[in-house]
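S.K.:
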Amino acid sequence: MGSAGSRRSTTVAATDAQEQQQPQVEELDEDGSPRIVFITGCSTGIGLATAVVLASDADKRFKVYATMRNLGKKAALEEAAGKTLGESLFIKELDVCSEEAVNSLVKEIESEEGRIDVLAALPGMKARKKGRIINVSSIIGVNGHPFSEIYSASKFALEGLTESLAPTLRKFNIRCSLVEPGPVTTSFNNNAKSLREGIDSSTADDKTQALLQEALKEMYRTVTEHSQTAEEVAEIIKNVILSRAPHLRYQTNSQYAPGEVQAKFSDATGDKAIDLMEKRFYPETK
Numbered sequence: 001m002g003s004a005g006s007r008r009s010t011t012v013a014a015t016d017a018q019e020q021q022q023p024q025v026e027e028l029d030e031d032g033s034p035r036i037v038f039i040t041g042c043s044t045g046i047g048l049a050t051a052v053v054l055a056s057d058a059d060k061r062f063k064v065y066a067t068m069r070n071l072g073k074k075a076a077l078e079e080a081a082g083k084t085l086g087e088s089l090f091i092k093e094l095d096v097c098s099e100e101a102v103n104s105l106v107k108e109i110e111s112e113e114g115r116i117d118v119l120a121a122l123p124g125m126k127a128r129k130k131g132r133i134i135n136v137s138s139i140i141g142v143n144g145h146p147f148s149e150i151y152s153a154s155k156f157a158l159e160g161l162t163e164s165l166a167p168t169l170r171k172f173n174i175r176c177s178l179v180e181p182g183p184v185t186t187s188f189n190n191n192a193k194s195l196r197e198g199i200d201s202s203t204a205d206d207k208t209q210a211l212l213q214e215a216l217k218e219m220y221r222t223v224t225e226h227s228q229t230a231e232e233v234a235e236i237i238k239n240v241i242l243s244r245a246p247h248l249r250y251q252t253n254s255q256y257a258p259g260e261v262q263a264k265f266s267d268a269t270g271d272k273a274i275d276l277m278e279k280r281f282y283p284e285t286k
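So the sequence shown is numbered by UniProt numbering: it starts at 1 and just counts up by one.
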């Protein structure tokens, strides 16, 4: 959404330090066969970019099953996949809300490949005592943002699910990770803008309406100044997959809301994080 000049190079930011750090990638010991990767939500955005980045890996370390609910929307992925389509990238229809559909596709892939290494199919991973589960969350899943309550709540739920699974699954040599982007230049931003414009705030009190406009101004500023591309996020996901000992959390954009995540985890009362967000979103209102 912002110009190329306004975007800065992106690295993974550590959750326990102020400084940014590059992910330390260590190749997993493998038998030479590609990792079987199962990705949902691949019609657009980060899902599409991740599928293409992994399938296009120069060392051919991945075989990707990219899924989407509506195959009528597969054209963008097919175009981006290029020559990898049918070789290292395979598109499948999947409604993740249907347990029957999920189980059926997992069985199909495991029957064809013998396993799934990354992102899904928990029972098979536990039996093999090996696997990676990577969930794409959001920085808003760590710190709730004003007027983003429903989206924040959905990402908080994903964070809680992943964090709760992680200790037990480590005993099966399965590592869980959360990837937490800030603003990303995908169609989601345009869709979110249209949704906000469709909200009728006329029944809200005057102060709430003024606060909404101030918050939207800050949201627009961060999107235009600090967005990163879906491909940048996808490269980080690739590095997480290849890491020998991946972390639970990866913030992908060190330029967005610096210090807020650290404030959240360093202060059990939560006051530090709220103070920072209040100052960021409402600098003009007392």
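Positions of the beta carbon are idealized from the N, C-alpha and C atoms, including for glycine.
From a predicted model like this one, the values you see are computed outputs, not experimental measurements.
1) Just the Cα atoms here: how many angstroms apart are Glu93 and Glu108?
2) Have a look at Pro146, Ser104, Gln262, Asp205 and flag the residue whose alpha-carbon is nearest the alpha-carbon of Thr67.
3) Could you name the residues of the same chain whose beta carbon sits closer than 6 Å to that of Lys130, not counting the 5 residues immediately before and after it, in chain order?
4) What do you reckon, are the CB atoms on Leu122 and Leu77 nearer than 8 Å?
5) Pop quiz: Ser43 and Lys74 are said to be a contact at Cβ under 8 Å. What is the actual Cβ separation, rounded to whole angstroms?
6) Hey, Glu180 and Gly141: beta-carbon distance below 8 Å or not?
7) Would you kindly report the start and end of the unbroken alpha helix (DSSP H) that includes Ser266?
8) Can the beta-carbon of Asp117 be found closer than 8 Å to that of Ile36?
9) Run the CB neighbour count on Lys207, radius 10 Å, all protein chains shown included, and call it buried at 16 or more, exposed below.
10) Smallest Cα separation from Ala234: which of Lys272, Ile39, Met277, Lys126?
11) For Ala51, is the classification buried or exposed, using 16 other Cβ atoms within 10 angstroms of its Cβ as the cut-off for buried?
12) So which of Val64, Asn135, Ala153 has the shortest CA-CA distance to Asn143?
13) Hey, out of Val136, Ser137, Asn135, Gly114, whose CA is closest to Arg128's CA?
14) Measure the C-alpha to C-alpha separation of Val136 and Asp267 and round it to an integer number of angstroms.
M.R.: Taking the coordinates as given:
1) Numbered from its first residue, the sequence shown carries residue 93 at position 93. Numbered from its first residue, the sequence shown carries residue 108 at position 108. Their Cα atoms are separated by approximately 12 Å.
2) Sequence index remark: in the sequence shown, residue 67 carries index 67 (1-based). For the residues Pro146, Ser104, Gln262, Asp205, the minimum Cα distance to Thr67 belongs to Ser104.
3) Residue 130 sits at position 130 when you count from the first residue of the sequence shown. Same-chain partners within the cutoff: Asn173.
4) Along the sequence shown, one-based indexing puts residue 122 at 122. Along the sequence shown, one-based indexing puts residue 77 at 77. Contact: no.
5) Taking the first residue of the sequence shown as 1, we reach residue 43 at position 43. Taking the first residue of the sequence shown as 1, we reach residue 74 at position 74. Indeed they touch by this definition, with Cβ atoms about 7 Å apart.
6) The sequence position of residue 180 within the sequence shown is 180, counting from 1. The sequence position of residue 141 within the sequence shown is 141, counting from 1. The answer is yes: Cβ separation under 8 Å.
7) Here the question's residue 266 lines up with position 266 in the sequence shown. From DSSP, the alpha helix (DSSP H) with Ser266 extends over 260-266.
8) On the sequence shown, residue 117 is found 117 positions in, with the first residue counted as 1. On the sequence shown, residue 36 is found 36 positions in, with the first residue counted as 1. Contact flag set, yes.
9) Stepping through the sequence shown from its first residue, residue 207 is reached at position 207. By the neighbour-count rule (16 or more Cβ atoms within 10 Å), Lys207 is not buried but exposed.
10) Position 234 of the sequence shown, counted from the first residue, corresponds to residue 234. Looking at the Cα atoms, Ile39 is the closest of the given residues.
11) Start at 1 with the first residue of the sequence shown, and residue 51 comes out as number 51. Burial call: buried.
12) Here residue 143 refers to the residue found at position 143 of the sequence shown. That would be Ala153, whose Cα lies nearest to the Cα of Asn143.
13) Locating residue 128 in the sequence shown gives position 128, counting from the first residue. Ranking Val136, Ser137, Asn135, Gly114 by Cα distance to Arg128 puts Gly114 first.
14) What you label residue 136 is simply residue 136 of the sequence shown in a count that begins at 1. What you label residue 267 is simply residue 267 of the sequence shown in a count that begins at 1. So the two alpha carbons sit approximately 25 Å from each other.
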